[in-house]
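Engineer:
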Amino acid sequence: MTNRRILLGVSGSIAAYKAAELVRLFKKAGADVRVVMTPDATRFVTPLTLGTLSENEVHVEIFPENVSGSWTKHVSLGLWADLFVVAPATAQTLAKMAGGMCDSMLTAVALTARCPSLVCPAMDHDMYIHASTKANIATLRENGCTVMEAVHGELASGLIGQGRMPEPEGIFEEAGEMIRQVVSARKGLLQGKTVLVTAGPTREAIDPVRYISNHSTGTMGYEIARAAARRGADVVLVSGPTSLETPEDVRRVDVISTAEMHKAVQQHRDSDIIVMVAAVADFSPATRSEDKLKKDETPRELSLEPTVDILAGLGQDKREAQILIGFALETNDGLKNARGKLERKNLDWIVLNNPKEPGAGFGTLTNKVTLLSSSGQEVELPLMPKSEVAEAILEYATNEGSGISDLVVEKN
Ligand code: CTP
Numbered sequence: 003m004t005n006r007r008i009l010l011g012v013s014g015s016i017a018a019y020k021a022a023e024l025v026r027l028f029k030k031a032g033a034d035v036r037v038v039m040t041p042d043a044t045r046f047v048t049p050l051t052l053g054t055l056s057e058n059e060v061h062v063e064i065f066p067e068n069v070s071g072s073w074t075k076h077v078s079l080g081l082w083a084d085l086f087v088v089a090p091a092t093a094q095t096l097a098k099m100a101g102g103m104c105d106s107m108l109t110a111v112a113l114t115a116r117c118p119s120l121v122c123p124a125m126d127h128d129m130y131i132h133a134s135t136k137a138n139i140a141t142l143r144e145n146g147c148t149v150m151e152a153v154h155g156e157l158a159s160g161l162i163g164q165g166r167m168p169e170p171e172g173i174f175e176e177a178g179e180m181i182r183q184v185v186s187a188r189k190g191l192l193q194g195k196t197v198l199v200t201a202g203p204t205r206e207a208i209d210p211v212r213y214i215s216n217h218s219t220g221t222m223g224y225e226i227a228r229a230a231a232r233r234g235a236d237v238v239l240v241s242g243p244t245s246l247e248t249p250e251d252v253r254r255v256d257v258i259s260t261a262e263m264h265k266a267v268q269q270h271r272d273s274d275i276i277v278m279v280a281a282v283a284d285f286s287p288a289t290r291s292e293d294k295l296k297k298d299e300t301p302r303e304l305s306l307e308p309t310v311d312i313l314a315g316l317g318q319d320k321r322e323a324q325i326l327i328g329f330a331l332e333t334n335d336g337l338k339n340a341r342g343k344l345e346r347k348n349l350d351w352i353v354l355n356n357p358k359e360p361g362a363g364f365g366t367l368t369n370k371v372t373l374l375s376s377s378g379q380e381v382e383l384p385l386m387p388k389s390e391v392a393e394a395i396l397e398y399a400t401n402e403g404s405g406i407s408d409l410v411v412e413k414n
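Quick look at the structure:
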């Protein structure tokens, strides 16, 4: 469960109080847990309780009041999750899920989630054995959901029968089994493939204490390296100076200058997939002082010379079947400039982002990008956490075929 992404959907049954225990079990096992609730579920357990236990914001409404620009959360949560667990699932939520209705965050996520779903019914006995509920459960199973059997016992109505939600420990165990299957299937996606990612800024020294650089923090590149490793690839991350931790199962090579980054990249230039996310300094001081320049010695004008264009070099000798992905940070004429770079540098994909857009670019945990391909595809992704942007880029560029293309605005 460590670092696995569990999306827990809670609907309005008395068993909702057990969701708190379920969150605790997932958290204790090291999972990253996010919770969505139906409005009725909040009558039984508060978003504050589940938010505190999960250490993440709880989403209820699909169109939350006073919040602009976040209505696509159901898409990004659905992309983020490794497993969607609906516990408890009421008769009403089962019916909505089976019928494809999406009037709350939970039911909308149920439609967008690309991961497997584990559904844990809880209701009164007569509701559970009703032909409609049985048909809804059968539909969900046909649609690929795993639906656990409700348990026989004492019910909230005072009756005794089948309808109790399985105990959190049982749900946790079943979820663990499903996660194992998800992980091994995903590891197969890029198993045996080599992936080279560059990230962060490069620094061009003026003297031993001063340099030219930019505001890149490396987050986007690190997330791509993490996403590639999660898919089972052999990942090398060539990183400029950052304060980030190395993602699990990633080999990191630290560099400072563009020349060092170039050298490190050359050693892995045969990688099956190369993603140049680094914000490489385009210019370097023409001369570098070995000693710290005193104030009165410092030139008022710096003479600069261009650095090597690492990506353009890779594009020139691109081998067949190699996937080359570049980034374009543009503040104006984005599409035109990005398309120009895609062609000039002989890339398969370029990821366009604009640092002036709210939530995008350097130093944010989110990004809003457009993917452009050499075959003319143009894909606008909504504002999403960088971890999800990373998943989307790999999914698109490697054509995994799990259908993210259905989720996004495609042009051309
Ligand atoms: N890049 C590179 N080597 C450089 C400069 C950039 O490999 N010396 C890579 C970046 O990692 C990125 C892509 O090229 O993937 C685009 O970088 P960008 O700086 O936006 O493009 P430039 O070609 O430098 O064009 P401009 O600065 O004019 O926008």
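Residue numbers for the sequence shown follow this note's numbering, beginning at 3 and rising by one.
Glycine included, every Cβ here is placed at the ideal spot set by N, Cα and C.
Fair warning: this is a prediction, and the values are worked out from it, not measured in the lab.
#1: So what's Ile208 in DSSP terms, helix, strand or just coil?
#2: Quick one, are the C-beta atoms of Ala89 and Cys122 less than 9 Å apart?
#3: Report yes if the CB atom of Ser245 is closer than 9 Å to the CB atom of Thr204, and no otherwise.
#4: From Leu96 to Pro243, what does the alpha carbon distance come to, in whole angstroms?
#5: For Arg346, name the three-state secondary structure that DSSP assigns.
#6: DSSP has His61 in a bridge; who is on the other side?
#7: Where does Leu354 sit, in a helix, a strand or coil, going by DSSP?
#8: For Val237 versus Met263, is the C-beta distance shorter than 9 Å?
#9: Can you give the beta carbon distance from Met39 to Leu52, rounded, assuming they're within the 8 Å contact cut?
#10: Could you give the DSSP three-state label for Asn138: helix, strand or coil?
#11: What residue from Tyr19, Arg302, Asn58 has the CA that sits closest to Val37's CA?
#12: Indicate whether the contact test is met: 3 or more Cβ pairs, each with one atom in the segment 327 to 341 and one in the segment 356 to 369, closer than 8 Å.
#13: So what does DSSP say about Ile255, is it helix, strand or coil?
#14: How long is the line joining the alpha carbons of Ile406 and Ala392, rounded to whole angstroms?
#15: From what residue to what residue does the beta strand (DSSP E) around Gln269 run?
#16: Could you check if Arg233 is buried or exposed, using at least 16 other CB atoms within 10 Å of its CB as the buried criterion?
#17: Let me check one thing: in DSSP terms, what residues is Tyr224 bridge-paired to?
#18: How many Å lie between Arg464 and Gly202 at the Cα?
#19: Closest Cβ-Cβ distance between His76 and chain D: below 9 Å?
#20: Just to check, is the beta-carbon of Leu306 closer than 8 Å to a non-hydrogen atom of the ligand CTP?
#21: If you drop the 5 nearest sequence neighbours on each side, which residues of the same chain put their C-beta closer than 8 Å to that of Asp319?
#22: On the DSSP letters alone, give me the boundaries of the beta strand (DSSP E) that Leu436 sits inside.
#23: Whose C-beta lies closer than 6 Å to the C-beta of Ser225 among residues of the same chain, with five residues either side of it excluded?
#24: For a test of your reading of the model: does the CB of Val240 fall under 8 Å from any non-hydrogen atom of the ligand CTP? Yes or no.
#25: On the three-state DSSP scale, how would you describe Ser56?
#26: To the nearest angstrom, how far is it from the Cα of Gln183 to the Cα of Glu176?
#27: Say whether the segment 337 to 348 touches the segment 289 to 297, bearing in mind that this needs 3 or more beta-carbon pairs closer than 8 Å, one atom from each stretch.
Structural biologist: Checking against the coordinates, here is how it stands:
#1: Walking along the sequence shown from the start, residue 208 turns up at place 206. Collapsing the DSSP output to three states places Ile208 in coil.
#2: In the sequence shown, the residue the question calls residue 89 occupies position 87. In the sequence shown, the residue the question calls residue 122 occupies position 120. Against a cut-off of 9 Å, the Cβ pair of Cys122 and Ala89 comes out as a contact.
#3: The count along the sequence shown starts at 1 and reaches residue 245 at position 243. The count along the sequence shown starts at 1 and reaches residue 204 at position 202. Contact: no.
#4: Taking the first residue of the sequence shown as position 1, residue 96 is located at position 94. Taking the first residue of the sequence shown as position 1, residue 243 is located at position 241. Looking at the two C-alpha atoms, the distance is approximately 50 Å.
#5: As a first step, residue 346 is located in the sequence shown; it is residue number 344 there, counting from the start. Looking at Arg346 - three-state DSSP - the assignment turns out to be helix.
#6: The residue you call residue 61 lines up with position 59 of the sequence shown. According to DSSP, which records beta bridges pairwise, His61 is partnered with Val38.
#7: In the sequence shown, counting from the first residue as 1, residue 354 sits at position 352. Leu354 carries a strand assignment under DSSP once its states are collapsed to helix, strand and coil.
#8: Start at 1 with the first residue of the sequence shown, and residue 237 comes out as number 235. Start at 1 with the first residue of the sequence shown, and residue 263 comes out as number 261. Result no, Cβ atoms of Val237 and Met263 do not sit closer than 9 Å.
#9: Counting from one through the sequence shown, the residue named residue 39 turns up at place 37. Counting from one through the sequence shown, the residue named residue 52 turns up at place 50. About 7 Å separates the beta carbon of Met39 from that of Leu52, a gap short enough to meet the 8 Å contact definition.
#10: Numbered from its first residue, the sequence shown carries residue 138 at position 136. In this structure, DSSP gives Asn138 a helical state, which the three-state scheme calls helix.
#11: In the sequence shown, the residue the question calls residue 37 occupies position 35. When each option's Cα is compared against that of Val37, the closest is Asn58.
#12: yes
#13: For the purposes of this step, residue 255 is taken as the residue at position 253 of the sequence shown. Rather than Ile, the amino acid found at residue 255 in this sequence is Val. Here Val255 sits in strand by DSSP.
#14: On the sequence shown, position 404 is the one that residue 406 refers to. On the sequence shown, position 390 is the one that residue 392 refers to. Residue confidence for Ile406 is low, a pLDDT of 39 falling below 50, so the modelled location carries little weight and cannot support an answer.
#15: As a first step, residue 269 is located in the sequence shown; it is residue number 267 there, counting from the start. Gln269 -> no beta strand (DSSP E), and no H or E assigned at all.
#16: The count along the sequence shown starts at 1 and reaches residue 233 at position 231. Counting Cβ neighbours within 10 Å, Arg233 comes out buried, since at least 16 surround it.
#17: In the sequence shown, counting from the first residue as 1, residue 224 sits at position 222. DSSP output for Tyr224 lists no bridge partner at all.
#18: Limits of the chain in this structure are 3 at one end and 414 at the other, which puts residue 464 out of reach.
#19: Given the protein chain composition of this structure (a single chain), no chain D is represented.
#20: Locating residue 306 in the sequence shown gives position 304, counting from the first residue. Leu306 Cβ: outside cutoff for every heavy atom of the ligand CTP.
#21: By one-based count along the sequence shown, residue 319 stands at place 317. The answer, listed in chain order, is Arg271.
#22: Nothing in the structure corresponds to residue 436, since the chain is present only between 3 and 414.
#23: Counting from one through the sequence shown, the residue named residue 225 turns up at place 223. The sequence given here has Glu at residue 225, not Ser. Contacts found: Lys388, Ser389, Ala392.
#24: Looking up residue 240 in the sequence shown gives position 238. Checking the Cβ of Val240 against the ligand CTP gives no.
#25: Indexing the sequence shown from 1 puts residue 56 at position 54. Looking at Ser56 - three-state DSSP - the assignment turns out to be helix.
#26: Mapped onto the sequence shown, residue 183 falls at position 181. Mapped onto the sequence shown, residue 176 falls at position 174. Straight-line spacing of the CA atoms in Gln183 and Glu176 works out to 11 Å.
#27: Contact between the segment 337 to 348 and the segment 289 to 297 is absent: fewer than three C-beta pairs spanning the two stretches fall below 8 Å.
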